[in-house]
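Peer 1:
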Amino acid sequence: MAYAEPTQEEVEAKLDELQEQADGIVQDYNEAKQDYEAAKEKADDLKDEVGDEKERYEKLRDEVAHFASAAYQGTDLDSPANVISVDNPEDLMAQSADVGYLSENQKEKLDDFSDSAERLFRLKDEADAALEEAKDKKEEIEEKKEKVEDKIAEQEDLLAEFPSADPASGGDDTAGASYTGPASGDARAALDFAFAQVGKPYVYGATGPDGYDCSGLVMRAWGAAGVSLPRTTYAQAEVGHRVTRDQLQPGDIVFFYGSLGHDGLYVGNGQMVHAPRTGKNVEVVSMSGYWDSQFQFGVRP
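Sequential numbering from 33 applies to the sequence shown in my numbering.
1) Quick check on Arg309: buried or exposed, where buried means 16 or more other Cβ atoms within 10 Å of its Cβ?
2) Quick check: Glu296 and Val250, are their CB atoms within less than 8 Å of each other?
3) Could you work out which residue in Glu52, Gln66, Asp324 and Phe153 is closest to Ala267 when comparing CA atoms only?
4) If you draw a straight line from the C-alpha of Ala45 to the C-alpha of Ser247, how long is it?
5) Should Asn301 go down as buried or exposed, given a rule of 16 or more other Cβ atoms within 10 Å for buried?
6) Thr239 by DSSP, collapsed to three states: which one?
7) Considering just the uninterrupted stretch of the alpha helix (DSSP H) at Gln326, what are its terminal residues?
8) Answer yes or no: the CB of Val286 versus the heavy atoms of the ligand NAD, is any distance below 7 Å?
9) Taking three-plus beta-carbon pairs below 8 Å as touching, is the stretch 271-282 in contact with the stretch 312-330?
10) Can you tell me the Cα-Cα spacing of Asp368 and Arg332, whole angstroms?
11) Closest to Asp48 by C-alpha separation, out of Asp242, Ala97, His294 and Val305, would be which residue?
12) Starting from the C-beta of Glu186, find all residues in its chain whose C-beta is less than 8 Å away, skip the five residues before and the five after it, and write them out in chain order.
13) Is Tyr89 helix, strand or coil by DSSP?
14) What do you reckon, are the CB atoms on Pro282 and Gly213 nearer than 8 Å?
15) Identify the continuous alpha helix (DSSP H) that holds Val250 and give its terminal residues.
16) Here's a check: name, in chain order, each residue in its chain whose Cβ is nearer than 7 Å to the Cβ of Lys31, leaving out the five neighbours to either side.
17) To which residues of the same chain is Gly83 closer than 7 Å at the C-beta, ignoring the five residues directly before and after it?
18) Check for me: the alpha helix (DSSP H) holding Gln279 runs from which residue to which?
19) Provide the residue(s) that pair with Asn313 in DSSP beta bridges, ordered along the chain.
20) Can Gly330 and Tyr298 be called in contact, C-beta distance under 8 Å?
21) Going by beta-carbon coordinates alone, are Tyr61 and Val230 separated by less than 8 Å?
22) Taking all protein chains shown into account, decide if Gln337 is buried (16 or more other Cβ within 10 angstroms of its Cβ) or exposed.
23) By Cβ distance below 8 Å, which residues in the same chain neighbour Glu95 in space, the five residues on each side in sequence not counted?
24) Does Ala192 pass the burial test, meaning 16 or more other C-beta atoms within 10 Å, or should it be called exposed?
25) Measure the CB-CB distance between Ala253 and Ala226 and report whether it falls below 8 Å.
26) Whose C-alpha, out of Gly272, Ala228 and Gly237, is nearest the C-alpha of Glu178?
27) Per DSSP, what kind of secondary structure is Leu297 in: helix, strand or coil?
Here you go:
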């Protein structure tokens, strides 16, 4: 059964769809990566806390064991020697409450030991939960990574067959570009940085210095101006205040697609500098035509 070759318009529409899908999945990947790093950091911090509390617990246990063994030789279930052998903080608290024959100092030590045991058990549970969350986030990253690479491969296959159909073609990615426009202050610093990256490859999930994805470039550019931006396009769209197409000024962040999956920096004169997609480099490109049709709004940090 013969199949008709797709028309140029059909190929362009498909590439347009793939471009938006790939950009959106890259941002989902970036979010998953951020979540994993946060969960891993939390797990590591809790692991350190467990270690510190374990040292305190063991020191208090030795002190309690010392005065317990010195004062009692029997097997009275209410004795401190038996208190320190319980398996959980609830049992420990119940037994220690029944001990009425200790000195005030010994009671304080026993209370401290009980508190430490309870905190240690709790921290261990929290650390285990945080580690499990980090593992789940890491699996999510791998799933997102596979989806990104599938979309990229699909896009590259189409472009290899129809190279003239790239809807986002036409940019200048010549290395060594420099910004010569009217921007000043923070916007100037951001654009100077972005122009210095022109010619470097798009790498999804990358924030430099050797390659960038779209939001990674925007984040680093404004970071060079001393302005801290979040990692993803979704979060970057929520900073500063929004501006319309005719209100754009050099340095504004420009957002594309209904999903807000792509962004860049407005240069002026209807142009932007951005990291486009896998297989291309950071470039300066006109926002007329394709990009103008996908424009949503600008943000001024």
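For glycine and all other residues, C-beta sits at the position ideal for the given N, C-alpha and C.
Peer 2: Result, derived from the coordinates:
1) On the sequence shown, residue 309 is found 277 positions in, with the first residue counted as 1. Buried, since its Cβ has 16 or more Cβ neighbours within 10 Å.
2) As a first step, residue 296 must be located in the sequence shown, where it is residue number 264. As a first step, residue 250 must be located in the sequence shown, where it is residue number 218. Strictly speaking, residue 296 in this sequence is Gly, with Glu absent from that position. Cβ atoms of Gly296 and Val250: closer than 8 Å.
3) Position 235 of the sequence shown, counting from 1, holds the residue named residue 267. When only C-alpha atoms are compared, the closest one is Gln66.
4) Counted from its first residue, the sequence shown places residue 45 at position 13. Counted from its first residue, the sequence shown places residue 247 at position 215. Computed Cα separation, rounded: 24 Å.
5) Within the sequence shown, numbered from 1, the residue matching residue 301 stands at position 269. Asn301 comes out exposed.
6) For the purposes of this step, residue 239 is taken as the residue at position 207 of the sequence shown. Reduced to three states, the DSSP call for Thr239 is strand.
7) By 1-based counting over the sequence shown, the position of residue 326 is 294. Taken as a continuous stretch (DSSP letters only), the alpha helix (DSSP H) holding Gln326 covers Tyr322 to Gln326.
8) The ligand NAD is not part of this structure, which contains no ligands at all.
9) yes
10) Residue 368 cannot be examined here, being either before or after the span of the chain that is shown, 33 to 333.
11) Counted from its first residue, the sequence shown places residue 48 at position 16. Of the listed residues, the one whose Cα sits closest to Asp48 is His294.
12) In the sequence shown, residue 186 corresponds to position 154, counting from 1. Same-chain partners within the cutoff: Leu50.
13) Here residue 89 refers to the residue found at position 57 when the sequence shown is read from its first residue. The answer is helix: DSSP assigns Tyr89 an H, G or I state.
14) Taking the sequence shown and counting its residues from 1, one reaches residue 282 at position 250. Taking the sequence shown and counting its residues from 1, one reaches residue 213 at position 181. Yes, these two residues count as a Cβ contact at 8 Å.
15) Reading the sequence shown from its first residue, position 218 is the one you call residue 250. Per DSSP, Val250 belongs to the alpha helix (DSSP H) from Cys246 to Ala256.
16) What the structure shows of the chain is the stretch from 33 to 333, and residue 31 is not part of that stretch, so it cannot be assessed.
17) Numbered from 1 along the sequence shown, position 51 holds the residue referred to as residue 83. Cβ neighbours of Gly83 beyond the five flanking positions: none.
18) For the purposes of this step, residue 279 is taken as the residue at position 247 of the sequence shown. Note, Gln279: premise wrong, no alpha helix (DSSP H); not H, not E.
19) Residue numbering aside, residue 313 sits at position 281 when the sequence shown is read from its first letter. Answer is Pro233.
20) Translated into positions along the sequence shown, residue 330 becomes position 298. Translated into positions along the sequence shown, residue 298 becomes position 266. Their beta carbons are under 8 Å apart, which means Gly330 touches Tyr298 by this criterion.
21) What you label residue 61 is simply residue 29 of the sequence shown in a count that begins at 1. What you label residue 230 is simply residue 198 of the sequence shown in a count that begins at 1. No, the Cβ-Cβ distance between Tyr61 and Val230 is not below 8 Å.
22) Because the chain in this structure spans residues 33 to 333, residue 337 falls outside the shown range and cannot be described.
23) Within the sequence shown, the letter at position 63 stands for residue 95. So the qualifying residues of the chain are Lys141 and Phe145.
24) Numbered from its first residue, the sequence shown carries residue 192 at position 160. Per the 10 Å Cβ criterion, exposed.
25) Position 221 of the sequence shown holds residue 253. Position 194 of the sequence shown holds residue 226. Yes, the pair counts as a contact, with Cβ atoms nearer than the cut-off.
26) Along the sequence shown, read from residue 1 onward, the residue named residue 178 stands at position 146. Ranking the options by Cα distance to Glu178, first place goes to Gly237.
27) Numbered from its first residue, the sequence shown carries residue 297 at position 265. Note: Leu297 maps to strand in three-state DSSP.
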